[in-house]
Every structure is written in C-alpha cells, then in structure tokens.
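This report concerns only the one structure given below.
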Amino acid sequence: MRAIQVGLIGWGTVGCGVIQVLLDNAQVIESRLGVPVRLKRVADLDLERSRPVKVSRDLLTDRVEDILDDPDIDIVIELIGGTGVAKNVIVQALEKKKYVVTANKALLAHAGNELFRVARDNGLAIGFEASVAGGIPFIKALREGLAANQVETVYGILNGTANYILTRMTEEGLTFSDALRGAQEKGYAEADPALDIEGTDTAHKLAITSAISFGTQIQFDKVYTEGLSRIDPLDVKFGEEFGYQLKLLAIARRSGDGIEMRVHPTLIPKDHVLASVREAYNAVYVHGNAVGNIMLYGMGAGMMPTGSAVVSDLIDIARDILGGTPGRIPALSFLPDRLRDIPIKPITDITTCYYFRFAAVDRPGVLSKVAGILGANNISIAAVIQKGRQMEGAVPIVMVTHKALEKNVRLALQEIDRLDVVLAPTQLIRMENQETGILY
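Numbering (our numbering), first residue to last: 1012 to 1451.
Below, the structure written as structure tokens:
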C-alpha cells in the first residue's frame, strides 16, 4: 500500500513538534506500521516567520483548500486553535472523507459532541490524545487501558502554567503576581494568561476527561471553575502548617446518583503523590474499581511532548486505515447509543473539607463567635491556628473543617463576614484528604 499521507494545518509550536517527531522517528514509525507516514502539505497564514523546524518550500501553502481538496491526503492535523475557523476546517475535512487529528481542547469541550457525530456519519474518526495532558498518553489510558473498569475518581493537575506558579509560591514564598511574572519570563505563561490562571484551560480538559470516564456527553458548561488569582502566600504557608500543599486540581468523581466536575485551588496532603508534582509538569491520578489507583505523570505541554501525542494519533488512525477498521474505538470510549445523561452536581451540593482564613479583630470572644456560627450550620472544626497580628487591627484565624455541605458553608460564611469583628471577606479553599476520599 502507498504511504499514509498527512496534511498539517497550523505551523506553530505544536506543528513544529509534529514535523520534528515525524522526521526523527520516521524509521520506527514505519517499522510499526509497515508503511511510511509522509507529510504532504503544511498550511499556515504566515509562512515567513522564523521557526525552530524548517519545511521544504514546495510543501508550504497559505491555502487550507490545498489540503482539504487533495484526494491523496488521508489525515488532516488541525493545530489552528480556537473554536471558529478550526471547527469549520474539521467539519470540511470529515465531509471530504479525511480523518482528523487535533490538539484543540477548547473546541472539543464546546463542540466535541457535534464533531464526533459528524465523524461517525462519515465513517471516520477524530484523534485527540494531545488535547488533555500534552505528552501523557492519558486519553488512550482512559479509553483502552481502563476499559474494563468503572472509573470512580479522577484527580488531575492539568495546567503546567498554574502548577509552575504554585510551585514558586510554595518554594520561594512569592506572591501570585510575582510568580506569574516569572512564568511569563520563562515562556510558560502567555502575555494574557487568563485561560491558564483562571482555570478555564483545565476545565476544558476536565470536561473531555469526565465524558470518557463516566460515559456521558461532553458538558463543559457544567464544570465549576475557580482560578488562582485570589490565592495569597499566607494561605500557602498556613496550608503547609496543617500538612497540606496547594494545587489547582481538576476533580471528576462519582457521587451518589450523579457526578462532580470541578476545578479549583485545592489543599491536598503533602504526603500524597500528587503533591510531589512540581514546576510545569502534569499528572493524572485515577481510581478504577478493578485496577485500583494509577497515576500518569509527565510534560503536559511543549513542542515535542505534544507533538508526540499528535503523532501517536496518526499512528493509531493509520492502523485503522490499513486494517479497514475506521473508528474501531468510540470517541468517548462508550458506544454512542450507550452514553447516559448523568446528573452533574452543582457546587453547592458537594460535601468536602474546607480551609478558612478569617481576618478578625484581636479581641476576646471572636473565635467563639465564629465557631458558634459554623456549628449552627453543621460545620465541625478539625483544627485551628491563630497567629499574632499580621496587619494593623486584625489577626488571621485559620481553621480546617471535617466534611461539610458547601451550601451550609456558604451560608455560614455570609453570616460570619457580616460580623463587625471580621474585617475582610473570608478566604475559602476546598480540601481533599482521606476523609473526603482521595486515595493513597
């Protein structure tokens, strides 16, 4: 059979990684497939910009149509990003009977259900390993390696920028703004870092992950999301005193007859394996009812790791083409007619442990007032720290709780923050530990 012919749309950082992997590993790829994978065309609007990986001029075009209309191209790689043009490109490629590989988590989070349906209608498939956790083969692990399991929980550190910032705040005592500036200087954060630091990027990935884990449609609009910008170094330090470390955590969990999908700063025990994930690394910690606990760890972004994930999809799809088995594995692991409408718990209905930091007047009886309001709302205190004055007129009172209902917590904090002895809104950070179900 002839070579598998590939067209690449989007010659940016990840596109360069894809090209480099195809060049460096051409022999091993052909040995695994029996035929070569050949890059036939590369499309980008800017062909003159300097890039770390060069491409022969006769492969380049600034017209997407040169790839979409080429009958010899078997697989189209979409690396444009965004949710507008990229969606149109993928739909056109599928309608022209070309398989698609994409790293576009935002597009899949918003329109994945529709795109997977278009692929099925055309007897094709979309590869999207690179959309979650970069170079870590997590989608493959969920869809194939854990196919025998009922997945119970997924905890993920899925954004390298956020993890780098929290690492610097933890290890160097930096403020959030200083740590963010350092991440930008190192190239980990964009000039506009909102998607990373406000949790949106992580939420895109969690929506995809949850659908595969629990057999539902992708439901990005139901992911509860909180970012890092309100985190103070004080909270990092107090968390350490309680034996916890702060991470921006993606949590997907079976909970009664529903599931939880939430992204927020989370205090986790310092002796848990996820607490050791530093710098810009990603990790995913999964509990399956048969396999128990597993963790995958590695680079969640970057030219070569993400390029590796894209090319792994190329190889999988090429195997299906060669074997005449298109779409052998359902996009979301479950057969489309077996996807279920499972209720998503609103954040007010979750039960977890909490960290509170109150800025209170340094006066006798304040602690008992706060504790009384918490108790009246069925919130049990597990531990308390009260330090000397950090600011004129106020002292930090820090508490961690046993499991409590978020709805009750919000009601209690509203009442506490109205007290004349509380001088600033209470800081709340959710916690995961053995009491809440994080497993070792």
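Where is the CB? At the ideal position from N, CA and C, for every residue including glycine. The structure displayed is predicted, hence computed values, not measured ones.
Roughly how many angstroms separate the alpha carbons of residue i and residue j, rounded to a whole number?
i: L1070; j: E1237; result: 44 Å
i: E1446; j: T1362; result: 11 Å
i: R1154; j: V1017; result: 24 Å
i: V1274; j: R1068; result: 44 Å
i: S1319; j: D1232; result: 30 Å
i: L1034; j: L1058; result: 20 Å
i: V1284; j: A1054; result: 42 Å
i: S1391; j: L1385; result: 7 Å
i: T1172; j: T1317; result: 15 Å
i: Y1451; j: Y1366; result: 21 Å
i: E1140; j: A1312; result: 12 Å
i: E1182; j: R1441; result: 21 Å
i: V1032; j: V1322; result: 7 Å
i: I1486; j: T1220; result: There is simply no residue 1486 to check, as the chain begins at 1012 and stops at 1451 in what is shown.
i: D1246; j: N1170; result: 20 Å
i: A1205; j: T1211; result: 8 Å
i: I1242; j: L1185; result: 11 Å
i: D1428; j: G1123; result: 42 Å
i: N1293; j: D1431; result: 43 Å
In or out: residue i buried (at least 16 other Cβ within 10 Å) or exposed?
i: Q1425; result: exposed
i: L1260; result: buried
i: P1082; result: exposed
i: G1138; result: buried
i: P1063; result: exposed
i: I1168; result: buried
i: R1368; result: buried
i: G1198; result: exposed
i: V1165; result: buried
i: G1334; result: exposed
i: L1056; result: exposed
i: K1116; result: buried
i: P1375; result: exposed
i: A1190; result: buried
i: T1336; result: exposed
i: D1324; result: buried
i: A1202; result: exposed
i: R1074; result: exposed
i: D1207; result: buried
Going by the DSSP bridge assignment, what does residue i pair with across the sheet?
i: P1276; result: L1259
i: N1304; result: H1298
i: I1396; result: V1409
i: V1433; result: A1371
i: T1072; result: A1054
i: N1293; result: G1309
i: G1334; result: Bridge partners of G1334: none, in fact.
i: G1138; result: V1112
i: I1176; result: The partner list for I1176 (beta bridge, DSSP) is empty, contrary to what the question assumes.
i: Q1228; result: In the DSSP output, where bridge partners are listed per residue, Q1228 has none listed.
i: R1265; result: I1270
i: Y1166; result: I1262 and Y1296
i: R1349; result: None, per the DSSP bridge assignment.
i: V1017; result: L1050 and I1086
i: M1442; result: L1278 and C1364
i: L1416; result: T1362
i: T1211; result: In DSSP, T1211 forms no bridge with anything.
i: Y1235; result: R1273
Determine, using beta carbons only, whether residue i comes closer than 8 Å to chain D.
i: T1336; result: Structure shown: chain D not included; a single protein chain is present.
Do residue j and residue i come within 8 Å of each other at the CB atom, strictly closer than that value?
i: E1290; j: N1174; result: yes
i: V1048; j: A1014; result: yes
i: Q1228; j: L1350; result: yes
i: R1330; j: L1044; result: yes
i: K1258; j: T1277; result: yes
i: L1343; j: A1222; result: yes
i: I1086; j: K1065; result: no
i: V1381; j: I1408; result: yes
i: N1388; j: L1439; result: no
i: S1224; j: A1200; result: no
i: E1209; j: S1240; result: yes
i: P1280; j: N1444; result: yes
i: I1020; j: V1100; result: yes
i: K1098; j: L1118; result: yes
i: I977; j: V1112; result: Residue 977 is absent from the structure shown; the chain starts at 1012 and stops at 1451.
i: H1413; j: A1393; result: yes
i: A1370; j: A1415; result: no
i: I1040; j: I1396; result: no
i: E1417; j: D1360; result: yes
i: D1077; j: R1060; result: no
Is there contact between the stretch 1344-1358 and the stretch 1265-1276, where contact requires at least three CB pairs shorter than 8 Å? The stretch 1344-1358, when compared against the stretch 1265-1276, does touch it at the 8 Å Cβ threshold.
Would you call the stretch 1286-1302 in contact with the stretch 1158-1172, where contact means no fewer than 3 C-beta pairs closer than 8 Å? yes
If contact is defined by three or more beta carbon pairs under 8 Å, each pair taking one atom from either stretch, is the stretch 1306-1318 in contact with the stretch 1133-1148? Taking 8 Å as the limit for Cβ pairs, the verdict is that the stretch 1306-1318 does touch the stretch 1133-1148.
Do the stretch 1023-1042 and the stretch 1087-1101 meet, that is, are 3 or more Cβ pairs less than 8 Å apart? Touching, yes.
Would you call the stretch 1191-1201 in contact with the stretch 1216-1231, where contact means no fewer than 3 C-beta pairs closer than 8 Å? no
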